[in-house]
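**Student:** Protein chains in written order, with this note's numbering: chain H, 1386 to 1688; chain X, 67 to 312. Just so it is clear, CB atoms sit at the ideal spot from N, CA and C, and this is done for glycine as well. The structure that follows is given in the form of structure tokens.
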Amino acid sequence: MTFLQALRYFLREALVSLRRSARVSTLAVLTIAVSLLLAGVLLLVSRNAAESVAAWREEARFVVFLDRAADAPALAAELVRAPWVTGAEVIDPVEARRRFERSFPSLSALVAEGGEGQLPTSIEARLAAADAGPRSAEFRAWVEQLRQRPGVEAVDDDRDWIEQVERTLAFVRALGWTLSAVLLGASIFTIASVVRFTALLYREEIAIMRLVGATEFYIRGPFYLEGVLQGLIGAALAVAALFAAYSGLRPRIAESLIAEAVAARFLSPAEIALLLAFGALAGLVGSVVSLGREGLPDEGRPR
Amino acid sequence: MIQFFHVTKRFPTGQLALDDVSFEIGRGEFCFLTGPSGAGKTTLLRLIFREETPSEGQIVVHGRNVASVPRSKIPYLRRSIGVVFQDFRLIDRKTIFENVVFLPRLLGHDLQRQRRLAFEALRRVGLSHRMNAFPRELSGGEQQRIAIARALIAEPEIVVADEPTGNLDPDLAQEIVRLFLDIHLRGTTVLFATHDRELIQRVGRRVLTLVQGRITSDHRLTGIAPPEPLVLPAAADHEPPGRDAP
Chain H
1386 MTFLQALRYF LREALVSLRR SARVSTLAVL TIAVSLLLAG VLLLVSRNAA
1436 ESVAAWREEA RFVVFLDRAA DAPALAAELV RAPWVTGAEV IDPVEARRRF
1486 ERSFPSLSAL VAEGGEGQLP TSIEARLAAA DAGPRSAEFR AWVEQLRQRP
1536 GVEAVDDDRD WIEQVERTLA FVRALGWTLS AVLLGASIFT IASVVRFTAL
1586 LYREEIAIMR LVGATEFYIR GPFYLEGVLQ GLIGAALAVA ALFAAYSGLR
1636 PRIAESLIAE AVAARFLSPA EIALLLAFGA LAGLVGSVVS LGREGLPDEG
1686 RPR
Chain X
67 MIQFFHVTKR FPTGQLALDD VSFEIGRGEF CFLTGPSGAG KTTLLRLIFR
117 EETPSEGQIV VHGRNVASVP RSKIPYLRRS IGVVFQDFRL IDRKTIFENV
167 VFLPRLLGHD LQRQRRLAFE ALRRVGLSHR MNAFPRELSG GEQQRIAIAR
217 ALIAEPEIVV ADEPTGNLDP DLAQEIVRLF LDIHLRGTTV LFATHDRELI
267 QRVGRRVLTL VQGRITSDHR LTGIAPPEPL VLPAAADHEP PGRDAP
């Protein structure tokens, strides 16, 4: 029997078997769909969040706010000499006000020239790409020294809050993956039980097949494929449900800054393929575990 | 063709099923295996197609020591032996064609060849017109004939039958025995297990008697009513199924 013939036979038998044990198969498919739906949500959120954080990091500003007495050009020249700074720009109160008015036109009265809300002079430093990641101890010490310098009112590093967001995301991600793994384990167990149940339903047929000379590959193939199909169908359901939910929520996502940050775009084809492959693999593992080396029931004991 | 050398079979429970059994069945021989229930007939047959392994001794089938056949090669051994059981062992959800054609399909024959082989095997048992039926639609005798067709489809050199008439009334049993005699006439070695002494007396041939796991006699009977030529339903009038058949 050629591989293609065998595959056709496996597929036909697996479909018959799925139909025969429709209820338990549905249970297995739904279990895997739920666990992969959760995994899909996590994948979507963590990938979008990672992209957002990377973008924020690229745009992250390092700003030194000065008091009126400080010598801004001298400090800017000094900042540029630090190994992690590639450039520095002095923002005088006029430029600062212009930027503020551009960003918040309705609040422009607050920073009117000569008013109480006059903005301080600041220096915006551009950091080397290598320092866009987690900050080193030396960098932190340098920032601390900068904060203590006379003429420096405050040092604002955007990466402070970006790192907080990252820590929160990492925690949520770890929690989610753990939950997904538990659910996936449950799915594998369910699939294993379903395949085992089916194998028991077919125990007489299996015994007959063995007696007429069927190989283990031929006997087990349909069961393995049944598990794979359950996993694939479950994964496809999960992707479909995720897409439906995403499409439904998309208009609202655009209105929310946070939602936009964690759900800007749907899963890529590669990620969808990954979820489907994961479902199929879970199904295969379930059926292999269920049948084991000696796992297929055999009919007829010594008489 | 089939040789047993001092074969003993003891089950893990300690039960002794066969005790120092030795015999030889030559190529093309027809041999009855008889004895009371629990004598070890089924165990002996199961040893031949490696459903069991002997605790002691050697079994040689087709010149090969059956016990030393690797696990992965057992299916190939079984394909060379046709096996028929008392309870037919047909797959209820499959059609007669699918039941019979199992081995050719396994061997990768194309559908046309599968049809031809199935038709030929079913014609030999007089049921080529029931290809599309399901086992439950057939009588016990017909089901047993289907099981025989399945055993014959790959033209095995050996056919072993475990009480194939045990579930049938005397007329049907007679019909099944005739089929086995026909198989034998074509040169196939047949080992036919039965506890029906009357049947053996009628047919004759070599008889191995097993009692409590031991061969107590090995003799030949002439037979008081030699089998008549096989008369089957007008199956030969049927043509092989066309492309729209299974």
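Distance check for Ser1572(H) and Ala1413(H), CA to CA, integer angstroms please.
**Tutor:** Taking the first sequence and counting its residues from 1, one reaches residue 1413(H) at position 28. Taking the first sequence and counting its residues from 1, one reaches residue 1572(H) at position 187. Approximately 6 Å between the Cα atoms of the pair.
**Student:** Quick check: the Cα distance between Gly129(X) and Val1579(H), rounded to an integer number of angstroms?
**Tutor:** Position 63 of the second sequence, counting from 1, holds the residue named residue 129(X). Position 194 of the first sequence, counting from 1, holds the residue named residue 1579(H). Taking the straight line joining both Cα atoms gives about 43 Å.
**Student:** Residues of chain H with CB closer than 7 Å to the CB of Pro141(X), please, in chain order.
**Tutor:** Indexing the second sequence from 1 puts residue 141(X) at position 75. Here the neighbours are Gly1598, Ala1599, Thr1600.
**Student:** I want to see whether chain H comes within less than 8 Å of Leu172(X), judged by CB atoms only; does it?
**Tutor:** For the purposes of this step, residue 172(X) is taken as residue 106 along the second sequence, with counting starting at 1. Yes - at least one Cβ of chain H is within 8 Å of the one on Leu172(X).
**Student:** Within its chain, find whatever has a CB closer than 6 Å to the CB of Ala1418(H); leave out the 5 residues flanking it on each side and keep chain order.
**Tutor:** Counting from one through the first sequence, the residue named residue 1418(H) turns up at place 33. Here the set comprises Gly1619, Leu1622, Ala1623.
**Student:** Run down chain X in chain order and give the residues with a C-beta less than 8 Å from the C-beta of Thr1387(H).
**Tutor:** For this step, residue 1387(H) is matched to residue 2 along the first sequence. Within 8 Å Cβ-Cβ: Gly174.
**Student:** DSSP three-state label for Leu245(X), please.
**Tutor:** One-based indexing of the second sequence puts residue 245(X) at position 179. Residue state, collapsed to three classes: helix.
**Student:** What's the C-alpha gap between Arg286(X) and Ala105(X)?
**Tutor:** Translated into the one-based positions of the second sequence, residue 286(X) becomes position 220. Translated into the one-based positions of the second sequence, residue 105(X) becomes position 39. Distance between the alpha carbons of Arg286(X) and Ala105(X): 20 Å.
**Student:** Whole angstroms are fine: how far does the CA of Arg216(X) sit from the CA of His187(X)?
**Tutor:** As a first step, residue 187(X) must be located in the second sequence, where it is residue number 121. As a first step, residue 216(X) must be located in the second sequence, where it is residue number 150. As written in the sequence, residue 187(X) is Ala, which differs from the His given in the question. Looking at the two C-alpha atoms, the distance is approximately 7 Å.
**Student:** Using only alpha-carbon positions, find the residue among Gly1671(H), Arg1466(H), Ser1437(H), Ser1565(H) that is nearest to Ala1513(H).
**Tutor:** Counting from one through the first sequence, the residue named residue 1513(H) turns up at place 128. Cα-wise, what sits closest to Ala1513(H) is Arg1466(H).
**Student:** Along the chain, where does the beta strand (DSSP E) that runs through Glu1548(H) open and close?
**Tutor:** On the first sequence, position 163 is the one that residue 1548(H) refers to. Taken as a continuous stretch (DSSP letters only), Glu1548(H) belongs to no beta strand (DSSP E), being part of the alpha helix (DSSP H) at 1544 to 1586.
**Student:** Please state if the CB of Ile125(X) and the CB of Ile114(X) are separated by a distance shorter than 8 Å.
**Tutor:** Numbered from its first residue, the second sequence carries residue 114(X) at position 48. Numbered from its first residue, the second sequence carries residue 125(X) at position 59. Yes, the Cβ-Cβ distance between Ile114(X) and Ile125(X) is below 8 Å.
**Student:** Compare the Cα-Cα distances from Ala1592(H) to each of Leu265(X), Leu274(X), Leu156(X) and report the closest residue.
**Tutor:** Counting from one through the first sequence, the residue named residue 1592(H) turns up at place 207. Per the Cα distances, Leu156(X).
**Student:** Kindly indicate which three-state DSSP category His304(X) falls into: helix, strand or coil?
**Tutor:** Here residue 304(X) is taken as the residue at index 238 of the second sequence, counted from 1. Interpretation of His304(X) is limited by its pLDDT of 44, a score under 50 that renders its predicted location unreliable; no figure is taken from the coordinates.
**Student:** Please report the straight-line C-alpha distance between Pro1687(H) and Thr109(X), rounded to a whole angstrom.
**Tutor:** In the first sequence, the residue the question calls residue 1687(H) occupies position 302. In the second sequence, the residue the question calls residue 109(X) occupies position 43. Here the model assigns Pro1687(H) a pLDDT of 35, short of 50, so the residue's position is not dependable, and the following value carries that caveat. The straight-line gap from Cα to Cα measures roughly 7 Å.
**Student:** Quick one: which unbroken alpha helix (DSSP H) runs of 4-plus residues sit fully inside the segment 206 to 240 of chain X? Chain order, please.
**Tutor:** Fully enclosed alpha helix (DSSP H) runs of 4 or longer: 206 to 218.
**Student:** State yes or no: is the beta carbon of Ile1591(H) nearer than 8 Å to at least one beta carbon in chain X?
**Tutor:** As a working mapping, residue 1591(H) is identified with position 206 in the first sequence. False, the Cβ-Cβ gap to chain X never drops below 8 Å.
**Student:** If we count Cβ pairs, one from each stretch, closer than 8 Å, do we get three or more for the segment 69 to 82 of chain X versus the segment 186 to 201 of chain X?
**Tutor:** Counting Cβ pairs under 8 Å, fewer than three are found: no touch.
**Student:** My assumption, with CB atoms under 8 Å, is that Leu143(X) sits in contact with Val132(X). Please give the rounded CB distance.
**Tutor:** Walking along the second sequence from the start, residue 143(X) turns up at place 77. Walking along the second sequence from the start, residue 132(X) turns up at place 66. Between Val132(X) and Leu143(X) the Cβ distance is about 7 Å, and since that is below 8 Å, they are a contact.
**Student:** Would the segment 1430 to 1445 of chain H and the segment 1642 to 1662 of chain H be scored as touching if the rule is three or more Cβ pairs under 8 Å?
**Tutor:** Touching, yes, given that three or more Cβ pairs across the two stretches are closer than 8 Å.
**Student:** From the beta carbon of Arg1688(H), is the nearest beta carbon of chain X less than 8 Å away?
**Tutor:** Locating residue 1688(H) in the first sequence gives position 303, counting from the first residue. Note that Arg1688(H) scores 36 on pLDDT, short of 50, meaning its location in the model is unreliable and no value can be drawn from it.
**Student:** So is Val225(X) in contact with chain H if we call contact Cβ pairs under 8 Å?
**Tutor:** For the purposes of this step, residue 225(X) is taken as the residue at position 159 of the second sequence. Not closer than 8 Å to any Cβ of chain H, the Cβ of Val225(X) fails to qualify, so no.
**Student:** Around the C-beta of Pro1636(H), are 16 or more other C-beta atoms found within 10 angstroms, so that it is buried, or is it exposed?
**Tutor:** For the purposes of this step, residue 1636(H) is taken as the residue at position 251 of the first sequence. Under this definition Pro1636(H) is an exposed residue.
**Student:** Just how far apart, CA to CA, sit Arg179(X) and Leu245(X)?
**Tutor:** As a working mapping, residue 179(X) is identified with position 113 in the second sequence. As a working mapping, residue 245(X) is identified with position 179 in the second sequence. Rounded to the nearest angstrom, the two C-alpha atoms are 24 Å apart.
**Student:** In three-state terms, what does DSSP make of Phe1388(H)?
**Tutor:** The residue given as residue 1388(H) occupies position 3 in the first sequence. Phe1388(H) falls in the helix class under three-state DSSP.
**Student:** According to the neighbour-count rule (16 or more other Cβ atoms, all chains shown, within 10 Å of its Cβ), is Val166(X) buried or exposed?
**Tutor:** Taking the first residue of the second sequence as position 1, residue 166(X) is located at position 100. Looking at its Cβ environment, which holds 16 or more other Cβ atoms inside 10 Å, Val166(X) is buried.
**Student:** Within the chosen definition, does the segment 1447 to 1460 of chain H reach the segment 1538 to 1557 of chain H through at least 3 CB pairs nearer than 8 Å?
**Tutor:** Taking 8 Å as the limit for Cβ pairs, the verdict is that the segment 1538 to 1557 of chain H does touch the segment 1447 to 1460 of chain H.
**Student:** Quick check on DSSP: helix, strand or coil for Thr1416(H)?
**Tutor:** Walking along the first sequence from the start, residue 1416(H) turns up at place 31. Helix at Thr1416(H).
**Student:** Which residues of chain X have a Cβ atom closer than 7 Å to the Cβ of Tyr1370(H), listed in chain order?
**Tutor:** For chain H, the structure presents residues 1386 to 1688; residue 1370(H) sits outside this window and is missing.
**Student:** Tell me the DSSP secondary structure of Thr255(X) in three-state form.
**Tutor:** Start at 1 with the first residue of the second sequence, and residue 255(X) comes out as number 189. Here Thr255(X) sits in strand by DSSP.
**Student:** Does the segment 1451 to 1459 of chain H touch the segment 1650 to 1667 of chain H, meaning 3 or more C-beta pairs lie closer than 8 Å?
**Tutor:** The segment 1650 to 1667 of chain H vs the segment 1451 to 1459 of chain H: no contact.
**Student:** Which parts of the segment 1396 to 1476 of chain H are runs of the beta strand (DSSP E), unbroken and 3 residues or longer, counting only runs that do not cross its ends?
**Tutor:** Counting only runs of 3 or more, we get 1447 to 1451, 1470 to 1476.
**Student:** From the beta carbon of Gln1390(H), is the nearest beta carbon of chain X less than 8 Å away?
**Tutor:** Counting from 1 along the first sequence, the entry for residue 1390(H) is found at position 5. Yes, its Cβ sits closer than 8 Å to a Cβ of chain X.
**Student:** Return the CA-CA distance between Leu1634(H) and Ala1658(H), expressed in angstroms with no decimal places.
**Tutor:** If you number the first sequence from 1, residue 1634(H) lands on position 249. If you number the first sequence from 1, residue 1658(H) lands on position 273. C-alpha separation (whole angstroms): 23 Å.
**Student:** On the CB-based measure, 16 or more other CB atoms within 10 Å of its CB, does Asp228(X) come out buried or exposed?
**Tutor:** In the second sequence, residue 228(X) corresponds to position 162, counting from 1. Label assigned to Asp228(X): buried.
**Student:** With 8 Å set as the bound, which would you pick, yes or no: does the beta-carbon of Val149(X) sit closer than that to a beta-carbon of chain H?
**Tutor:** In the second sequence, the residue the question calls residue 149(X) occupies position 83. Closer than 8 Å: yes.
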